[in-house]
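Undergrad: A single structure is presented below for examination.
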Amino acid sequence: MSNAKKEKCPKPSLIDLVFSWSLGDVLNQNLCKHQVKRIPETFMSTPYYLKSFIPPLILETHTELFSSMTTISQAPVREFSSIETSKGFKDPGNLVYNVLFKQMGNAANNHGREYEPGVGDLIALTNVMPKRIEDLNKPNRSYLIAYVLWWDERSDVFIILTTKPIFDQSDVQTNKQETLFAVYLINMITSVRIWNALHQDPEGMNKEVIERVLQPDSLGGEDCAICFSKVKNSCILSEIQDITDKSNVNDSQEEAILSSMSLSVCRHLNNVKLIWGPPGTGKTKTIGCLLSALYRLKCRTLACAPTNTAILQVAARLLSQVTGSIGHGIFYGLGDIILFGNPKRMKIEEHDDLLDIFLDYRAYVLLKCFAPLTGWTHSLVSMIHLLEDPEDQYTRYLQGMEENPDEEVDSDEDVISRVTKKNEVERNRNSIKKAIFQAVKENKEKQKRKGKGKGKGKGKGNGNGKGNVMAMKDDHKKHDEEAKIPVVPLTFAEFMKKNFNALSGRLKFCIENFCTHLPTSVISLEVVSNMVTALGSIESLESLLLNVNASHECLKKLSNEGSTASSLSKISYEKQNLVDILKSLPPLFPVPIFIEESDVKIFILENARLFFCTASSSAKLHTCQGKDKVELLVIDEAAQLRECESVIPLTLPDIRHAILIGDQCQLPAMVQSKVCDEANFGRSLFERLVLLGYKKHLLNVQYRMHPSISLFPKKEFYNGQILDGANVKDGCYQKHFLKGEMYSSYSFINIAQGQESNWRSKKNMVEVAVISNILGSLFKECISKKNKVSIGVISPYKAQVQAILEKIGKTYSGKCDFTVNVRSVDGFQGGEEDIIIISTVRSNGKGSVGFLSNLNRVNVALTRARYCLWILGNDATLTNSNSIWKKVVMDAKERGCFYNANEDKSLAHAITTSLIQLGQQDALLKMDSLVFRDARWKLCFRDDFRESFARIKNSKVREEVFSMLNKLSNGWRRSYPTRTAFVLEGTSSQLLEQYKVISDIFLIWSVDIVKENSSYVQVLMVWDVLPSSSIPKLVKRMDTIFGNFTVDKMNRCKSRCLDGKLVVPMKFEVDEGCSDVDALSKPFSSLSLMDKPKSSSSFSRWQSKQS
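The opening residue of the sequence shown carries number 178 in my numbering; numbering runs sequentially from there.
Next comes the structure, spelled out in structure tokens:
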């Protein structure tokens, strides 16, 4: 099978170990804990070093598998369409099956849990859609898991290895049909690669770099004096200076580059260099310049990173420094650079600029160029024959038409011809790449559909190897009989132009891609120059043929005189010139012949000089090295890479030196198992070498953050060693995206009213509301001022990230000038935005902040912003935590950057609305609350009101109640005819008010009097919120209370003072004659209703209706 991805599974293997676990073992959290010991800082030997990582690797794998089991009801699922024993199947020993899955989107019952298989996946096989763990182990289908070994992209056939036979003998004999599902558990490909690296034979493996880092080294990270001197006194220095001058690097960056370059000439010892790159210090630029210098010197180098995102950034930086066209869209030298990995995980389609160096794309286009019947060699010979003897070629064409009139052109070649023709006038290289890459996908999808269509109706699970998969291969030779329409042969002129255009399209395609994609060791600059000349000649002749109006005889005799003699003479000259150039190419450029894409990939990897991939994917190079040695390893974000994973590239054959670039003050690799975390399983080689005292080259100027943002991190995490670049100190770097000091470059915004959830992953919905409000304000400002702004919203908790995403929805999607990126702190490492909003979430009376106190996590969160950093949090909680966050809050207060969210009217409204929606109204039902603290009237709430309000479940109704209370507190009153629901009689008719809120619900209130210092003042007493049917009972009870009021008190309550149309509270001096001072000064909290209103049946019915 071609285009196959295969992961070898040696014995003993991690797969065997996982397969040996029963379901009970997987659910036993203590299964592997006792084997894990703390990984030391120094090691006695290489075998001891390698063995130290094995127990925590096993436990981490077990923890990941256990975690997936606990969420099995949400696991991705896909139904099998065919399962057959594979070639080499053996029971026991090698339970390997060929499987096909049903097409994506056809399984309507998957509830959005569609599984997309991949190599390295560990899956469970079940006969039901699992809703709980027990569904994986049923009497008729016991616990069975499988590992995805291989994927043939052409046929979409997967090969899986299972723990035990999928079908028993009776199923095979009776050809029993059974619906089976694949349930995704975890992907083990990285763990398997680490396992394989740790289980290498110590005697046969490359230990040169590993042995250098086992023990403390007094010269660790130091420059080799001999080799450093060589670099300074050689042409290498001028190359470096040329690159650094163009890139405008600072002194610390240039020093790091120069020191690292000395390794390229060092042959007498092995070394590991550390480059310390704090946030914003131009780490990626430094790596780009370093790799650019190594590229120019043709030093075979492997550049790795822990994640696809990080390696794509480095590759893009390198390309921006080395890419330069030599004409006709040709970029000679790119063939020395290769990027490889999983295209889906890399999302390579989103990176047009990287397609030229991506392995899959390059292999595809080169395979078309190498094809023996339609590629370069065939097209070259055909073009020469066409130009030298067109009449003979036309005769052959006519003979061919008689023998086979319906011959079709290869579909992929049609795509290439269409693409090149489409861009004849205006050549757009990116559009060509996109079209070809899309052709790759469409061609593979077409082959998959074709294969699956042929398999329809075949038996499933017969186990005899003769079902769908084999039938798909057998049926490949069958063709449908279709009605044939007679084809009229082309005239000579039509034949000449059509064939010239077709061949020229193929030749141009081959030339451009040979010059761009072949390594310089395969195609010389002389050949490239000749090809470029040929390309120009082809285009000239193409243009002349397009414009000349020639007859049959004219094209036969291009040198004849006639009405178009001048044009034909030019055509004749260009024809001969092109023939001479094309004939000169074969001796200079022997083209290799490949049939399989996998062979082309090996050819590319063996001849490339600069490799980009993740540390895990570098395992591919263990079996594909080439003639020249890959001696230098560069690892970006090295402090995020588990040391055991760095063993994969470090032990590649011939690696002599390593350059690690990172920052141990930022987040390390994620580790799920707490035991493994405590055992230093997540620690990087970079961090361990720092602990051992290795020398670090510090990049000491930061160019990202406004000085007010960088001030705290520089002092707290980097001991003041980092300087601010001139660009961030410039006045234009001071930006105000919103009005108010609260939204200056740096601020801590205190949100005291929020409450954190008690779930495992916490969230704070009040902070979510504030963030949504700020984003809305930013968007309005951006639109009105036509500014372009990027915003990052960061939180340590996944639940908070999800809550924010759900709140804002797709409001800002597709806004090219206004982007909002919401991620966890861990997910934002390496990123930066114009504005960063941090949601700290924690809000409790204990000062508990959990893993929020992690210094590395705080450092990452505080260093992502360019212009503005706004931190949202609860002052009291963070201060009482006595963690780094206490320092953050105190620093903000000392610098005058501390603000209360409720000081901003818009944020106060957002907080209020959120609290009401959440049913957390207790904080609001106070006279000094956000809603009423600035109101004209003071409000007093009776317990009856609080109880009734708490029973309202509909958030819209709660909002309407508070909206009415807010208006009443500011002096608004309804006109009399519209405000009553029940005609009052007796004493209540003089004081009691009933306002309709919504539907059949009424707010019951009155004016009362309380003592305030030496005066009495009118206040609003809120008695209850009730359905109209409950008002009569309340009125009867209120008559009793109001009946005890004195006449003077009644008069004071009924008095009104207007300020325009608004009613304002009145004050009365004590000596102005309130006849019953005791009654007036009696606190209303002591007043009691003899018969407190309970939830009436009518109220309950209304509640259920509203809910």
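We put the beta carbon where it would ideally sit given N, CA and C, even for glycine.
Whose CA, out of T668, L544, K957, lies closest to the CA of E774?
TA: Position 597 of the sequence shown holds residue 774. The candidate whose alpha carbon is nearest that of E774 is L544.
Undergrad: Jot down the residue ranges of each uninterrupted beta strand (DSSP E) in the segment 847 to 921, minimum 3 residues, whole runs only, in chain order.
TA: Counting only runs of 3 or more, we get 873 to 875.
Undergrad: Starting from Q1094, trace the beta strand (DSSP E) both ways and give me its first and last residue.
TA: Reading the sequence shown from its first residue, position 917 is the one you call residue 1094. Unbroken run through Q1094 is the alpha helix (DSSP H), 1082 to 1095; no beta strand (DSSP E).
Undergrad: Identify every residue that forms a DSSP beta bridge with S967.
TA: On the sequence shown, residue 967 is found 790 positions in, with the first residue counted as 1. Note: S967 sits in a beta bridge opposite T996.
Undergrad: Starting from M306, trace the beta strand (DSSP E) in both directions and tell me its first and last residue.
TA: Numbered from 1 along the sequence shown, position 129 holds the residue referred to as residue 306. First-last for M306: undefined, no H or E at that position.
Undergrad: By the three-class DSSP mapping on this structure, what secondary structure does L837 have?
TA: Here residue 837 refers to the residue found at position 660 when the sequence shown is read from its first residue. L837: strand per DSSP, three-state reduction.
Undergrad: So the beta strand (DSSP E) R255 belongs to, where does it begin and stop?
TA: On the sequence shown, position 78 is the one that residue 255 refers to. Taken as a continuous stretch (DSSP letters only), the beta strand (DSSP E) holding R255 covers 254 to 262.
Undergrad: Starting from the C-beta of R1113, find all residues in its chain whose C-beta is less than 6 Å away, skip the five residues before and the five after it, and write them out in chain order.
TA: As a first step, residue 1113 is located in the sequence shown; it is residue number 936 there, counting from the start. Within the same chain, R1113 has close Cβ partners N1147, G1148, V1241.
Undergrad: Spell out a yes or no on whether the segment 901 to 917 and the segment 877 to 889 are touching, meaning 3 or more CB-CB pairs, one atom from each, closer than 8 Å.
TA: The segment 901 to 917 is in contact with the segment 877 to 889.
Undergrad: With a cut-off of 8 Å, do at least 3 Cβ pairs link the segment 250 to 262 to the segment 291 to 311?
TA: Output reads yes: the segment 291 to 311 touches the segment 250 to 262.
Undergrad: Taking buried to mean at least 16 other C-beta atoms within 10 Å of its own C-beta, is A487 buried or exposed?
TA: Taking the first residue of the sequence shown as 1, we reach residue 487 at position 310. By the 10 Å Cβ count, A487 comes out buried.
Undergrad: Using a Cβ-Cβ cut-off of 7 Å (strictly less than) and excluding sequence neighbours within five positions of S1091, which residues of its own chain qualify?
TA: The residue labelled residue 1091 in the question sits at position 914 within the sequence shown. Taken in chain order, the residues that qualify are M942, V943, A946.
Undergrad: Taking 8 Å as the threshold (C-beta atoms), are S1205 and F1245 in contact?
TA: Position 1068 of the sequence shown, counted from the start, is the residue given in the question as residue 1245. Position 1028 of the sequence shown, counted from the start, is the residue given in the question as residue 1205. No, they are not a contact pair.
Undergrad: Of the residues H562, D1105, S263, D329, which one's Cα is nearest the Cα of K760?
TA: Residue mapping note: residue 760 aligns to position 583 of the sequence shown, counting from 1. The residue with the shortest Cα to Cα distance from K760 is H562.
Undergrad: Using a Cβ-Cβ cutoff of less than 6 Å, which residues in the same chain neighbour F889 once the five nearest sequence positions on both sides are dropped?
TA: Within the sequence shown, residue 889 is the residue found at index 712, counting from 1. Here the set comprises D1068.
Undergrad: Determine, using beta carbons only, whether Y1044 and Y910 come nearer to each other than 8 Å.
TA: Here residue 1044 is taken as the residue at index 867 of the sequence shown, counted from 1. Here residue 910 is taken as the residue at index 733 of the sequence shown, counted from 1. Yes, they are a contact pair.
Undergrad: Just reading off the beta strand (DSSP E) that M1198 is part of, what are its end residues?
TA: As a position in the sequence shown, residue 1198 is number 1021, starting the count at 1. Taken as a continuous stretch (DSSP letters only), the beta strand (DSSP E) holding M1198 covers 1192 to 1204.
Undergrad: Is it buried or exposed, C546, if we count other Cβ atoms within 10 angstroms and call 16 or more buried?
TA: Counting from one through the sequence shown, the residue named residue 546 turns up at place 369. It counts as buried.
Undergrad: Here's the rule: buried if 16 or more other CB atoms are within 10 angstroms of the residue's CB, otherwise exposed. What is P456?
TA: Here residue 456 corresponds to residue number 279 of the sequence shown, with the count starting at 1. When all chains shown are included, P456 counts as buried.
Undergrad: Whose C-beta lies closer than 7 Å to the C-beta of K906 among residues of the same chain, with five residues either side of it excluded?
TA: Counted from its first residue, the sequence shown places residue 906 at position 729. If we look at K906 and ignore the five residues flanking it on each side, its Cβ neighbours are P884.
Undergrad: Is the beta carbon of V1066 closer than 8 Å to that of D1052?
TA: As a first step, residue 1052 is located in the sequence shown; it is residue number 875 there, counting from the start. As a first step, residue 1066 is located in the sequence shown; it is residue number 889 there, counting from the start. For D1052 and V1066, yes; Cβs fall inside 8 Å.
Undergrad: Report the three-state DSSP secondary structure of N427 (helix, strand or coil).
TA: The residue labelled residue 427 in the question sits at position 250 within the sequence shown. Three-state result, N427: coil.
Undergrad: Give the straight-line distance between the Cα atoms of V1254 and F1122, rounded to the nearest whole angstrom.
TA: Position 1077 of the sequence shown, counted from the first residue, corresponds to residue 1254. Position 945 of the sequence shown, counted from the first residue, corresponds to residue 1122. Reliability fails at V1254, whose pLDDT of 44 lies under 50, so the model's placement of it is uncertain and the value that follows must be treated cautiously. Cα to Cα, V1254 sits roughly 27 Å from F1122.
Undergrad: Is V768 helix, strand or coil when you go by DSSP?
TA: Walking along the sequence shown from the start, residue 768 turns up at place 591. Residue state, collapsed to three classes: coil.
Undergrad: Beta-carbon separation of F266 and V203 under 8 Å?
TA: Indexing the sequence shown from 1 puts residue 266 at position 89. Indexing the sequence shown from 1 puts residue 203 at position 26. Going by C-beta atoms, F266 is not nearer than 8 Å to V203.
Undergrad: Can you tell me whether W328 is buried or exposed, with buried defined as 16 or more other CB within 10 angstroms of its CB?
TA: Locating residue 328 in the sequence shown gives position 151, counting from the first residue. W328 comes out buried.
Undergrad: For K940 and N1033, I'd like the C-alpha separation in whole angstroms.
TA: Taking the sequence shown and counting its residues from 1, the one referred to as residue 940 is at position 763. Taking the sequence shown and counting its residues from 1, the one referred to as residue 1033 is at position 856. Rounded to the nearest angstrom, the two C-alpha atoms are 21 Å apart.
Undergrad: Please name the residue in N1190, T1217, V1134, S1166 whose C-alpha comes closest to that of D1177.
TA: Translated into the one-based positions of the sequence shown, residue 1177 becomes position 1000. It is V1134.
Undergrad: Quick one: using the 10 Å Cβ neighbour count with 16 as the cut-off for buried, is A548 buried or exposed?
TA: Within the sequence shown, the letter at position 371 stands for residue 548. By the 10 Å Cβ count, A548 comes out buried.
Undergrad: Taking the alpha-carbon of W474 as reference, which of S439, K462, N448 has the nearest alpha-carbon?
TA: For the purposes of this step, residue 474 is identified with residue 297 of the sequence shown, where counting begins at 1. For clarity, residue 474 is Leu in the given sequence; the question names Trp instead. Ranking the options by Cα distance to L474, first place goes to S439.
Undergrad: Taking 6 Å as the limit between beta carbons, can you name the residues of its chain near C790, skipping five residues before and five after?
TA: Here the question's residue 790 lines up with position 613 in the sequence shown. Contacts found: F517, G518.
Undergrad: Just list the residues that DSSP pairs T478 with in beta bridges.
TA: Taking the sequence shown and counting its residues from 1, the one referred to as residue 478 is at position 301. T478 is bridged to L787, L809.
Undergrad: Just reading off the beta strand (DSSP E) that R1214 is part of, what are its end residues?
TA: Within the sequence shown, numbered from 1, the residue matching residue 1214 stands at position 1037. Segment 1208 to 1220 is the alpha helix (DSSP H) holding R1214; no beta strand (DSSP E) there.
Undergrad: Suppose you measure from the CA of E241 to the CA of S258; what does that come to, to the nearest Å?
TA: To locate residue 241, count along the sequence shown from 1; it is residue 64. To locate residue 258, count along the sequence shown from 1; it is residue 81. Spanning the two alpha carbons is a distance of roughly 28 Å.
Undergrad: Could you give the DSSP three-state label for C1117: helix, strand or coil?
TA: Walking along the sequence shown from the start, residue 1117 turns up at place 940. Strand at C1117.
Undergrad: Thinking W1182 and V1199 are a contact (beta carbons under 8 Å), I'd like their distance in whole angstroms, please.
TA: Residue 1182 sits at position 1005 when you count from the first residue of the sequence shown. Residue 1199 sits at position 1022 when you count from the first residue of the sequence shown. The Cβ separation is near 5 Å, so the contact holds.
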